[in-house]
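K.L.:
Quick one: this structure, given as structure tokens, is what I'll be asking you about.
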Amino acid sequence: MQNNSQNIQIIDIDYYIDSNRPIIRIYGKDDAGKSICCLVPGFEPYFFAQADNPAELCNYLTDAFDCIQKADIVEKFLPIGYQTKKVPIVKITVTLPTDVRDIRDQIRDLPGVNEIFEADVLFHNRFLIDKNLHPLKWITITPAPAEKELHPTNIICEEIITAEKVEEIDKIAHAPFKYLAWDIECLPDNGALPTPDKSPIILMSIAFSPEYKGMNTLVLASKKIDGVDKETECYDNENDMINAFFSTVREYDPDVLTGFNTDGFDTKYVVDRCKKINTESGTPVINFKIGRDNRDLNFRVFGATTSVSISGRIVADVLPLIREGFKLKRYKLENVAKELIGKEKLDVPPQEMEAYWNDPSKIHTFIEYSRRDSELALELLLKLQLLDKYLALAQVSGRPLQDVINGGQTNLVEQLLMSRFREIDRLMAMKPNDEIVEERERESNVVGADVLDPKKGLHCNTVVEDYKSLYPTIMMARNLCYTTVIIDKTTPKESMIISPSDGHFIKPEIFKGIIPSILEGLLDKRVATKKMMKNARDENEKRVLDATQLALKILLNSFYGYSGYIRARLFSLEVANSVTSYGRENIRNTQNTINNEIVTLTIRDNQALTPNESDGTQPNDIIVLLTPIYGDTDSIFIHCTDINGNEFEEEEFTLDMSALVGKKIAEVVTSKLPEPMELQYEATAKRILLVAKKRYAMWQFEQAKDGWIQKIKVKGLETVRRDWCNLTSKTLNIILEAILKEGDVDKCITYVQDVIAKIRKINDTRDEAFIAELTLSKTLSRPPSSYKNKQPHLTVVEKIRERGGQVPITGERIPFLITTVGSGYVEQAEDPAYVIEHNIPIDTNYYIQKQIIPPALRLLETFGVKRTTLEINQNQKGLFDFGKQEKEEQSPKKKNSEPAPIDKQPSTDNNDKGTKRQKSLFEY
DNA sequence: ATTGTGGCCTAC
DNA sequence: TCAGGTAGGCCACAAT
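The structure is reproduced here in structure tokens:
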């Protein structure tokens, strides 16, 4: 190896033009933190065309267009369908990447040209695919000899290397990245959202990691302010401040730029403001070129969303990352910081900003407020490790990090498919145009999974089993792929796999599909990564590996969704429907196997035996009757009872026994399935309350290395829904705890009655903390004008607009309370801040009748509890200890962790903490 | 009273 | 919200 070769981690990739040829530019960082730009000349853009007469097309093309370097006939498979013969295709190599689109448009409609392929693959992605390189992985660069060196003048990295050769190498740890978070403050328009044509930017703040010239933060002000500290710089006016901001960014040279809602607000605001100032001055007084190629930042605006990118750097707005990663009721910086890192945002209300700015005694508070916002954004990104997953997805998929952050799963899947298609000489289809999308939309009819009817009510001792990666394993087991779908009607039946939805695929012995092969690779890699994780001693490495295995899991599960996605390059209803039809068949088969074949298991000598294995009954045998009581898509819940279908007595059926049963069922079912499909034992529910499809709660015990980990798991019920108020969630949590752990319905009734009593008094007490518990929220999911029906959150948006406040934008969650003002729930919705400020009465009846009683009753009616019982006004008994809910704990040596089945609990109280007699749960 | 729809959010 | 898929519960309200 040459000793002047250099290793870098790829951060970004693009190209530039030098002497009318494209040069690939790889931006990266070495392990000492030096920013390096690697130039790779010699890669040429190309695409493909299928023609009636390929030779004729070749001749025509080379004669007609100067920018076409070559037109050759190559042999390729077409994108969809199992094929045995390649077809002749014209490969058109052009001079510049932009020529691809030009030539494509000019030849598309020529007579004799049937179809164009791969003309919409961006040049830098083409390079990554063809060279088998992956962003965020490390490469070693062999420098070109001096005479071949390129000397671009605009690149502002610390070092520029012209590469002779680049090769990927193995290295786990990331390079030391530099992060910069920023934020702007503008003078609002009378408390409403500021607009760039009217409102100036007055403060800009920055937070650095690692520090910059000894500073962790820096606030720039657009006027002279007395008595500021050394991390605040004052300028004479707005342009000077903005220019200082951009030159600070250039000088610090961050790899990652972040902020809170910077893509959605700040970036566009600053750019618009700069343009306005530049236009008004007649000369460009502001230089906002902050790319590592010394160019402007790039915008792409799609309707309400803008995505920002800066060449050579990564733009990562934390707001969308947090939206995706955390389920919160609101996503204002204030809420997010408090919920996720326990930090307070400083408070300067928009209406008062002007006053703060103009008041010398308050302006320092304003400066600190601004500084805090950048600090919080940076802290969120780093502490929550928001980028980890995306770095790993870029590495595994081969797509540039900025695409991974801004885009969806489509890009990732397509990059993987394209790489593998290229290896076997298969063409990739172009992205569908609007016409094709509409057609697919009309035809699209994908049937999904089965949800088994739940046996509603309370059950003890239920084992939960699920299929490991069901859809990916189905695709592997049945060779489901675009490349295996039968298009030749003469294919003999014995060569085909026919799915329950009547999809036809070639057998893997004849040709193994690309998707199954990709999935197999991802699965193997995931197993290997998890193994490395176990052995890793370095915490940092462990973190990276954990992100990698998560990324692999995400990719594994993306292929099914992609196959039925109407905007996909490859779209196949036959594939999508075959996957789900096998899934439905599978869950039914599982249910039947348990019902009709296994039926019972015998527990003997710490083993679970099937009827075949047990060979009669022995004295200490415990016979367990298995009844599937619920299942959704890839899971099945099996109730374990005695032979007569009654719940076991306390201690008769232990958790350890349930694990034996669960594992035995998994083993028997798995043995009948094709590889690599696998049913696995997940956990045991000591008690489970099945309310409806997709709605249940259970007291779950999961087997760990040293004992059982217990928790209450709630699915689909109001507790986990963000469109119900906190009071509902808390009330239901108490009820669930009482039912599942203590079997105490009395307690539930008293509790609900007390909650109702407290609601009744809220307009007298005006307890603000309690009012906050009544706040509902809903997402404003589209522009207000496009709603067909009125909605409560729309009412609130309208009211805020009329009052001249900051109007929420599409995609925001809107909090509201139901007041007595107006008629009907929709009209009665009001902004909580306004309710407090103007002392608007709360509609107590709504909360009692709509928010508390129906959800409580849904849980309690199985025990015979009636609406009238809950409504009885029992003058306040006062046991309001909200918020003492158990999360997750190691089960303490069986102490009280195995109460008797509820319907058999003795009528005398054996519970050490209560004294009053409990009614049986079925006495109501 | 029952049925249909628009809307929201969740399970998987 | 150009950002993978379908199933499904429940609310409010309108139509029957």
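Residue numbers (full-length UniProt numbering): 1 to 924. From the three backbone atoms N, C-alpha and C, an ideal C-beta is built for every residue, glycine too.
#1: Excluding the five sequence neighbours on either side, which residues of its own chain have a C-beta within less than 7 Å of the C-beta of K663, listed in chain order?
#2: Candidates C67, T844 and S786: which alpha carbon is nearest E773's?
#3: Using 8 Å for Cβ pairs, my map puts V790 next to V755. What's the rounded Cβ distance?
#4: Give me the Cα-Cα distance between K512 and N479, rounded to the nearest whole angstrom.
#5: Determine contact between the segment 289-299 and the segment 152-167, defined as no fewer than three beta-carbon pairs at a distance below 8 Å.
#6: Return the chain-ordered ranges of every beta strand (DSSP E) run that is complete within the segment 465-509 and spans a minimum of 3 residues.
#7: Assign K531 to one of three DSSP states: helix, strand, or coil.
#8: Taking all protein chains shown into account, do 16 or more other C-beta atoms lie within 10 angstroms of the C-beta of V301, making it buried, or fewer, making it exposed?
#9: My parser needs the alpha helix (DSSP H) runs of 4 or more residues fully inside the segment 630-681; what are they?
#10: State yes or no: is the C-beta of residue 931 within less than 9 Å of the C-beta of V413?
#11: Secondary structure at Y834, three-state DSSP: helix, strand or coil?
#12: Can you look up K715 in the DSSP assignment and give me helix, strand or coil?
#13: Rounded to whole angstroms, what's the CA-CA distance from C274 to S558? Just pull it up for me.
#14: For L870, which three-state DSSP category applies?
#15: When we look at the beta-carbon of K29 and count the other beta-carbons within 10 Å, is it buried (16 or more) or exposed?
#16: Report yes or no: do the segment 330-344 and the segment 268-282 share at least 3 C-beta pairs separated by less than 8 Å?
#17: Is it right to say D18 is buried, meaning 16 or more other beta carbons lie within 10 angstroms of its own, or is it exposed?
#18: Under 6 Å Cβ to Cβ from L776, same chain only, skipping five residues before and after it: list those, please.
#19: The beta strand (DSSP E) with T731 in it runs from where to where?
#20: Can you give me the Cβ contacts of T462 inside the same chain, cut-off strictly under 6 Å, excluding the 5 residues immediately before and after it?
#21: Look up T262 in the DSSP assignment and say whether it is helix, strand or coil.
#22: Where does the unbroken beta strand (DSSP E) through P22 begin, and where does it stop?
#23: Would the beta-carbon of S563 fall within 9 Å of that of Y467?
#24: Quick check: the segment 364-373 against the segment 339-350, are there 3 or more CB pairs under 8 Å?
#25: Should the segment 260-274 be regarded as contacting the segment 302-310, the criterion being three or more beta carbon pairs within less than 8 Å?
#26: Does DSSP classify T602 as helix, strand or coil?
#27: What is the C-beta distance between Y582 and S499, in whole angstroms, given that I count them as a contact (C-beta under 8 Å)?
#28: The beta strand (DSSP E) spanning L96 covers which residue range?
#29: Within its chain, find whatever has a CB closer than 7 Å to the CB of E574; leave out the 5 residues flanking it on each side and keep chain order.
#30: Rounding to the nearest angstrom, what Cα-Cα distance links K531 and Y252 in this structure?
#31: Taking 8 Å as the limit between beta carbons, can you name the residues of its chain near N20, skipping five residues before and five after?
#32: Mind checking S786: buried by the 16 CB within 10 Å criterion, or exposed?
#33: Which of the three DSSP states is assigned to I749 in this structure?
#34: State buried or exposed for L110, treating a residue as buried only when at least 16 other CB atoms are found within 10 Å of its CB.
#35: I need the straight-line Cα distance from P808 to E678, nearest angstrom please.
#36: Among P783, T142 and E830, which one has its Cα closest to the Cα of R803?
P.N.:
The relevant details are as follows:
#1: For the purposes of this step, residue 663 is identified with residue 663 of the first sequence, where counting begins at 1. Once the five neighbours on either side are set aside, the close Cβ partners of K663 are Y681.
#2: To locate residue 773, count along the first sequence from 1; it is residue 773. Out of C67, T844 and S786, T844 has the C-alpha closest to the C-alpha of E773.
#3: Translated into the one-based positions of the first sequence, residue 790 becomes position 790. Translated into the one-based positions of the first sequence, residue 755 becomes position 755. For the sequence presented, residue 790 should be read as Lys rather than Val. About 29 Å separates the two Cβ atoms, so there is no contact after all.
#4: Within the first sequence, residue 512 is the residue found at index 512, counting from 1. Within the first sequence, residue 479 is the residue found at index 479, counting from 1. Answer to the nearest angstrom: the Cα atoms are 7 Å apart.
#5: yes
#6: 496-498 and 504-506
#7: Mapped onto the first sequence, residue 531 falls at position 531. In the structure shown, K531 sits in a helix (DSSP, three-state: H, G or I).
#8: Mapped onto the first sequence, residue 301 falls at position 301. V301 should be labelled exposed.
#9: 655-671
#10: Only positions 1 to 924 of the chain appear in this structure, which leaves residue 931 out of reach.
#11: Your numbering for residue 834 matches position 834 in the first sequence. Y834: helix per DSSP, three-state reduction.
#12: Here residue 715 corresponds to residue number 715 of the first sequence, with the count starting at 1. Three-state result, K715: strand.
#13: For the purposes of this step, residue 274 is identified with residue 274 of the first sequence, where counting begins at 1. For the purposes of this step, residue 558 is identified with residue 558 of the first sequence, where counting begins at 1. So the alpha carbons of these two residues sit roughly 41 Å apart.
#14: Within the first sequence, the letter at position 870 stands for residue 870. In this structure, L870 counts as helix in the three-state DSSP scheme.
#15: Mapped onto the first sequence, residue 29 falls at position 29. Buried: at least 16 other Cβ atoms inside 10 Å.
#16: no
#17: Here residue 18 corresponds to residue number 18 of the first sequence, with the count starting at 1. Exposed is the call here.
#18: Numbered from 1 along the first sequence, position 776 holds the residue referred to as residue 776. The answer, listed in chain order, is C725 and F816.
#19: Working through the first sequence from its first residue, we reach residue 731 at position 731. Taken as a continuous stretch (DSSP letters only), T731 belongs to no beta strand (DSSP E), being part of the alpha helix (DSSP H) at N726 to E737.
#20: On the first sequence, position 462 is the one that residue 462 refers to. Taken in chain order, the residues that qualify are F637, H639, A685 and I688.
#21: Within the first sequence, numbered from 1, the residue matching residue 262 stands at position 262. Correct three-state label for T262: helix.
#22: Within the first sequence, the letter at position 22 stands for residue 22. Here the beta strand (DSSP E) through P22 covers R21 to K29.
#23: Numbered from its first residue, the first sequence carries residue 563 at position 563. Numbered from its first residue, the first sequence carries residue 467 at position 467. In this structure, Y467 does not lie closer than 9 Å to S563 by Cβ.
#24: yes
#25: yes
#26: As a working mapping, residue 602 is identified with position 602 in the first sequence. Of the three classes helix, strand and coil, the one that applies to T602 here is strand, per DSSP.
#27: By one-based count along the first sequence, residue 582 stands at place 582. By one-based count along the first sequence, residue 499 stands at place 499. Contact flag correct, Cβ pair sits at about 6 Å.
#28: In the first sequence, counting from the first residue as 1, residue 96 sits at position 96. No beta strand (DSSP E) contains L96, which DSSP labels as neither H nor E.
#29: By 1-based counting over the first sequence, the position of residue 574 is 574. Answer for E574: V485 and G503, listed in chain order.
#30: As a working mapping, residue 531 is identified with position 531 in the first sequence. As a working mapping, residue 252 is identified with position 252 in the first sequence. Between K531 and Y252, the C-alpha separation is close to 39 Å.
#31: Taking the first residue of the first sequence as position 1, residue 20 is located at position 20. Excluding sequence neighbours, N20 sits near T95 and L96.
#32: Here residue 786 is taken as the residue at index 786 of the first sequence, counted from 1. Answer is exposed; the Cβ neighbour count stays below 16.
#33: If you number the first sequence from 1, residue 749 lands on position 749. In this structure, I749 counts as helix in the three-state DSSP scheme.
#34: By 1-based counting over the first sequence, the position of residue 110 is 110. Burial call: exposed.
#35: By 1-based counting over the first sequence, the position of residue 808 is 808. By 1-based counting over the first sequence, the position of residue 678 is 678. When rounded, the distance between both Cα atoms is 47 Å.
#36: Working through the first sequence from its first residue, we reach residue 803 at position 803. The shortest Cα separation from R803 among P783, T142 and E830 belongs to E830.
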